[in-house]
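Engineer:
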Amino acid sequence: MMDKKDYRGVFVFVEQRNKEIQNVSLELIGIGKELAENLNQKVTAVLLGNEVKEIEKLGYYGADNIIYAEDEELDIYMTEPYTKVLKEVIEDKKPEIVLFGATAIGRDVAPRLAGRIHTGLTADCTKLEINEDNNDLMMTRPAFGGNIMATIECPDHRPQMATVRPGVMKKADKDTTKRVEIEKFSVKIEEKDKTYEILEVVEEKTNKIDIQEANILVSGGRGVGNPDNFKLLEDTAQILGGVVSSSRAAVDSDWMPKEVQVGQTGKTVRPDLYIACGISGAIQHLAGMEESEFIVAVNKDETAPIFEASDVGIVGDLNKVLPALNQELKKLKEEKEAL
Amino acid sequence: MKIIVCIKQVPDTTEVRLNPETGTLIREGVPSIINPDDKCGLEAALVLKDKYDAHVTVLTMGPTQADFALKEALAMGADEAILMTDRAFAGADTWATSLTLAKALEKMEYDLIIAGRQAIDGDTAQVGPELAEHLKIPHVSYVEALEKGDDSSLILKRKFEDGYHKVKVKMPCLITTLSEMNKPRYMKVGLVFDAHREKEIKKLTFDDLDINKEEIGLKGSPTKVKKSFTKGAKTAGKVYKDLDEKEAAKLIVEKLKEKFII
């Protein structure tokens, strides 16, 4: 029988793609550090890859230790080699908590690993805290498409494992003076570990900026009416230095591409400013944007639920309000430039 | 080629509403559907049936009413349907669910198991990979396109955030499918009749599986729900109803200045 006391430390699985450490991992180190401080333990970044760039970043954003399994076979993600190495790391180091990004990689390796080491895994957590009574991890996540929240614990199995969507947790402040030693973890990937063969790696580069990286989002929904009207939103975004995003309705109508969709089935965003135009505010949408710092909503329907989540709500026709807003913003910009 | 498609009957969460007074879920009148990712997995299996004469079995675990989802699958063209239903299965998390499914599947013949990437009521995307792990077979998740390779392999398009991998996997294996991959067919009238009158849905209960009660259901679940609650609405800001567009534009600009956003 496993003894919970043998398990110590918060581990973060660091995701790299094309040798670059992904933002979600830095966010996880941020929350991992908070949890570790609460437990009087350390946060360790666990990196799998080959010739990964800027590893020191992991320390800058709060990692106390770095474990690096470097091998050519770990350069590109594959399910079995990653599962095997992570299992070895966990068996060797016995962490109390392991966090993964809820990404196409994290959501593949974490359940395979949880199945193998017989422990619980909680998906897409939006809040992680330590239970003061027993030091267990309390993992809160949405269910029913964001309609209800559930707090989940994993009382009798270790490690306690969770995935967290990108954009949900905040990175810690960057400290470039922090130096962390890198512990190499030796691995041996065999032919039999490659349970499938990668024939081709295809990158689909989009020129669009990632909506999760934008500080200002101008977002449109069904109320925008047609794809041409998105031009108004683009103008607003351009003046403000932001990016256009959308609700699911606009994606389902083929007005906007899937990668700019905000919400439960799209992306979670937390910009400084979110302007919701013609978005009714279904719970699934709110789940993806309600953490935004400041929310402005423009909608014809005064009963639209988006108004309950917004800081400033304008009941009106966006086809009139946006052109007027764009004019005001331009005027202000010109005044500023004239100074 | 024998394919087993794992499906889940789910409430149509896009139809779930909150009671604004009590903050609780209004579940009455919410229709039950085949989970969208699973339905696309079924469609992918039926395409293989059309092309290569594959044999398609649908499997679900749930309450007895879940047979309705199986009948829909039969009416779409599946050959056989199995319902796993027992009180001992109830309350299971993804670990216990996948183990229970594995215990049924290990007694069945298959080349390919298809599961939807995730269910819209839980959104975990965990049961597929965990099931493959219990069965000790390879899995490929986030599959966006599928074609048959040589006799015993599949060529798959495995989606990532920034592109995809084209991979070759040998059967037997498990894949999880994305709803972007296809548009599921409608039920066929003749098959609807068969599904309800002719075809029998096979039932599996706890006694049919070689498993201990402690390993499954609520007891066998490593994770426990401590509490569940509806999200309290954020304190609403001010809503302005009677401004013309110029006034509205000025107001927004003022507020953005106040907050130092512009």
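Those protein sequence lines, which keep their order, are chains D and H.
In case it helps, my numbering puts the first sequence at residues 36 to 374.
In case it helps, my numbering puts the second sequence at residues 18 to 279.
The beta-carbon is built from N, C-alpha and C at its ideal position, and this holds for glycine as well.
Is there a C-beta anywhere in chain D that falls below 8 Å from the one on HIS72(H)?
Structural biologist: By 1-based counting over the second sequence, the position of residue 72(H) is 55. HIS72(H) does not count as touching chain D.
Engineer: Applying the criterion that 16 or more other CB atoms from any shown protein chain within 10 Å of the CB defines a buried residue, is VAL206(H) buried or exposed?
Structural biologist: For the purposes of this step, residue 206(H) is taken as residue 189 along the second sequence, with counting starting at 1. The residue in question, VAL206(H), is exposed, as its Cβ has fewer than 16 Cβ neighbours within 10 Å.
Engineer: Which residue comes first and which comes last in the alpha helix (DSSP H) that contains ALA249(D)?
Structural biologist: For this step, residue 249(D) is matched to residue 214 along the first sequence. It is not in any alpha helix (DSSP H) - ALA249(D) carries neither H nor E in the DSSP assignment.
Engineer: Contact criterion: CB-CB distance below 8 Å. Does GLY180(H) meet it with respect to chain D?
Structural biologist: As a working mapping, residue 180(H) is identified with position 163 in the second sequence. Closer than 8 Å: yes.
Engineer: Taking C-beta pairs closer than 7 Å, name the residues in chain H that PHE329(D) reaches, listed in chain order.
Structural biologist: Start at 1 with the first residue of the first sequence, and residue 329(D) comes out as number 294. Here the neighbours are LYS276 and ILE278.
Engineer: Relative to the C-alpha of PRO190(D), which candidate in GLY237(H), ILE137(H) and LEU191(H) has its C-alpha closest?
Structural biologist: For the purposes of this step, residue 190(D) is taken as the residue at position 155 of the first sequence. It is GLY237(H) whose Cα lies nearest to the Cα of PRO190(D).
Engineer: To be precise: take each residue of the segment 297-312 of chain D, compare its Cβ to all Cβ atoms of chain H, and keep it if any distance is under 7 Å. Which residues remain?
Structural biologist: Hits within the stretch, in order: ASP307 and LEU308.
Engineer: SER281(D) and VAL295(D): beta carbons closer than 8 Å?
Structural biologist: By 1-based counting over the first sequence, the position of residue 281(D) is 246. By 1-based counting over the first sequence, the position of residue 295(D) is 260. It is a contact, given that the beta carbons lie within the stated cut-off.
Engineer: Do we get a CB-CB distance below 8 Å when we pair GLU126(D) with the residues of chain H?
Structural biologist: Start at 1 with the first residue of the first sequence, and residue 126(D) comes out as number 91. No - not a single Cβ of chain H is within 8 Å of the one on GLU126(D).
Engineer: Whole angstroms is fine: what's the gap from THR175(D)'s alpha carbon to LYS244(H)'s?
Structural biologist: One-based indexing of the first sequence puts residue 175(D) at position 140. One-based indexing of the second sequence puts residue 244(H) at position 227. Using only the alpha carbons, I get a separation of about 9 Å.
Engineer: Do the segment 162-178 of chain D and the segment 219-232 of chain D meet, that is, are 3 or more Cβ pairs less than 8 Å apart?
Structural biologist: As far as the Cβ criterion goes, the segment 162-178 of chain D does not touch the segment 219-232 of chain D, which means the pair count is below three.
Engineer: Round the Cβ separation of GLN76(D) and VAL49(D) to the nearest angstrom and send it over; I've been treating them as touching at under 8 Å.
Structural biologist: Position 41 of the first sequence, counted from the first residue, corresponds to residue 76(D). Position 14 of the first sequence, counted from the first residue, corresponds to residue 49(D). Not really, about 18 Å apart at Cβ, beyond 8 Å.
Engineer: Cβ atoms of ALA119(H) and LEU152(H): under 8 Å apart, would you say?
Structural biologist: Taking the second sequence and counting its residues from 1, the one referred to as residue 152(H) is at position 135. Taking the second sequence and counting its residues from 1, the one referred to as residue 119(H) is at position 102. In this structure, ALA119(H) lies closer than 8 Å to LEU152(H) by Cβ.
Engineer: Using a cut-off of 7 Å between C-beta atoms, extract the partners of ARG151(D) located in chain H.
Structural biologist: In the first sequence, counting from the first residue as 1, residue 151(D) sits at position 116. Those are GLU150, listed as they occur along chain H.
Engineer: Go to GLN195(D), then tell me how far its beta strand (DSSP E) extends in each direction, as first and last residue.
Structural biologist: Taking the first sequence and counting its residues from 1, one reaches residue 195(D) at position 160. First-last of the beta strand (DSSP E) with GLN195(D): 195-199.
Engineer: Between the Cα of MET324(D) and those of VAL347(D), GLN247(D) and LYS293(D), spot the shortest distance and give me the residue it belongs to.
Structural biologist: Working through the first sequence from its first residue, we reach residue 324(D) at position 289. Looking at the Cα atoms, GLN247(D) is the closest of the given residues.
Engineer: Would you say TYR254(D) faces chain H, with C-beta separation under 8 Å as the test?
Structural biologist: Walking along the first sequence from the start, residue 254(D) turns up at place 219. Checking the sequence, you will find Ser at residue 254(D) rather than Tyr. Output row for SER254(D): interface = no.
Engineer: Given this structure, state the Cα-to-Cα distance separating LYS216(H) from ASP96(H), to the nearest angstrom.
Structural biologist: As a first step, residue 216(H) is located in the second sequence; it is residue number 199 there, counting from the start. As a first step, residue 96(H) is located in the second sequence; it is residue number 79 there, counting from the start. Each residue's Cα considered, the two are about 9 Å apart.
Engineer: Counting contacts by CB-CB distance shorter than 8 Å, is ASP168(D) in contact with chain H?
Structural biologist: Within the first sequence, the letter at position 133 stands for residue 168(D). For ASP168(D), the answer is no, since every Cβ of chain H falls outside 8 Å of its Cβ.
Engineer: Just reading off the beta strand (DSSP E) that PRO28(H) is part of, what are its end residues?
Structural biologist: As a position in the second sequence, residue 28(H) is number 11, starting the count at 1. Note, PRO28(H): beta strand (DSSP E), 26-28.
Engineer: So what's ALA332(D) in DSSP terms, helix, strand or just coil?
Structural biologist: Within the first sequence, numbered from 1, the residue matching residue 332(D) stands at position 297. Correct three-state label for ALA332(D): strand.
Engineer: Can you name, in chain order, every residue of its own chain whose Cβ lies under 7 Å from the Cβ of GLY301(D), other than the five neighbours on each side?
Structural biologist: To locate residue 301(D), count along the first sequence from 1; it is residue 266. Counting only Cβ-Cβ distances below 7 Å, and skipping sequence neighbours, we find ARG283 and GLY323.
Engineer: Are LEU191(H) and HIS213(H) closer than 8 Å when you measure CB to CB?
Structural biologist: Translated into the one-based positions of the second sequence, residue 191(H) becomes position 174. Translated into the one-based positions of the second sequence, residue 213(H) becomes position 196. Not a contact, by the Cβ cut-off of 8 Å.
Engineer: What did DSSP end up calling ASP67(H) once you bin it into helix, strand or coil?
Structural biologist: Numbered from its first residue, the second sequence carries residue 67(H) at position 50. Three-state result, ASP67(H): helix.
Engineer: Whose CA, out of THR118(D), VAL297(D) and ASP41(D), lies closest to the CA of VAL286(D)?
Structural biologist: Taking the first residue of the first sequence as 1, we reach residue 286(D) at position 251. Comparing Cα-Cα distances from VAL286(D) to each of THR118(D), VAL297(D) and ASP41(D), the minimum goes to VAL297(D).
Engineer: I believe VAL237(D) touches PRO194(D) by the beta-carbon criterion, under 8 Å. Please report the beta-carbon distance rounded to the nearest angstrom.
Structural biologist: Walking along the first sequence from the start, residue 237(D) turns up at place 202. Walking along the first sequence from the start, residue 194(D) turns up at place 159. Not quite, the Cβ-Cβ distance comes to about 34 Å (not below 8 Å), so this is no contact.
Engineer: Select from the segment 136-147 of chain H all residues with a C-beta closer than 7 Å to any C-beta belonging to chain D, and list them in chain order.
Structural biologist: Those residues of the segment 136-147 of chain H that come within reach of chain D (Cβ to Cβ, closer than 7 Å) are ILE137, ASP138, GLY139, ASP140, THR141, ALA142, GLN143, PRO146 and GLU147.
Engineer: Hey, ILE341(D) and ILE314(D): beta-carbon distance below 8 Å or not?
Structural biologist: The residue labelled residue 341(D) in the question sits at position 306 within the first sequence. The residue labelled residue 314(D) in the question sits at position 279 within the first sequence. Yes.
Engineer: Just confirm the distance between the C-beta atoms of GLU188(D) and MET173(D), as a whole number of angstroms; I'd bet it's less than 8 Å.
Structural biologist: Along the first sequence, read from residue 1 onward, the residue named residue 188(D) stands at position 153. Along the first sequence, read from residue 1 onward, the residue named residue 173(D) stands at position 138. Indeed, because the Cβ distance is near 6 Å, the residues count as touching under 8 Å.
Engineer: Taking 7 Å as the limit between beta carbons, can you name the residues of its chain near LYS68(D), skipping five residues before and five after?
Structural biologist: Along the first sequence, one-based indexing puts residue 68(D) at 33. Excluding positions up to five away in sequence, the list reads VAL78, GLY97 and ALA207.
Engineer: Give me the Cβ distance between GLY234(H) and ALA109(H), rounded to the nearest whole Å; I'm assuming they're in contact under 8 Å.
Structural biologist: As a first step, residue 234(H) is located in the second sequence; it is residue number 217 there, counting from the start. As a first step, residue 109(H) is located in the second sequence; it is residue number 92 there, counting from the start. So it is a contact: roughly 5 Å between Cβ atoms.
Engineer: Kindly list, in the order they appear in chain H, the residues whose Cβ is closer than 9 Å to that of THR10(D).
Structural biologist: Residue 10(D) cannot be examined here, being either before or after the span of chain D that is shown, 36 to 374.
Engineer: Have a look at GLU262(H), ILE21(H) and LYS263(H) and flag the residue whose alpha-carbon is nearest the alpha-carbon of ASP128(H).
Structural biologist: For the purposes of this step, residue 128(H) is identified with residue 111 of the second sequence, where counting begins at 1. Comparing Cα positions, the closest option is ILE21(H).
Engineer: Mapping the DSSP letters down to three states, classify TYR42(D) as helix, strand or coil.
Structural biologist: Translated into the one-based positions of the first sequence, residue 42(D) becomes position 7. TYR42(D) falls in the coil class under three-state DSSP.
Engineer: Which residue comes first and which comes last in the alpha helix (DSSP H) that contains ILE269(H)?
Structural biologist: Here the question's residue 269(H) lines up with position 252 in the second sequence. Note, ILE269(H): alpha helix (DSSP H), 262-275.
Engineer: Just checking: is the beta-carbon of HIS192(D) within a distance shorter than 8 Å of some beta-carbon in chain H?
Structural biologist: If you number the first sequence from 1, residue 192(D) lands on position 157. Interface residue, yes.
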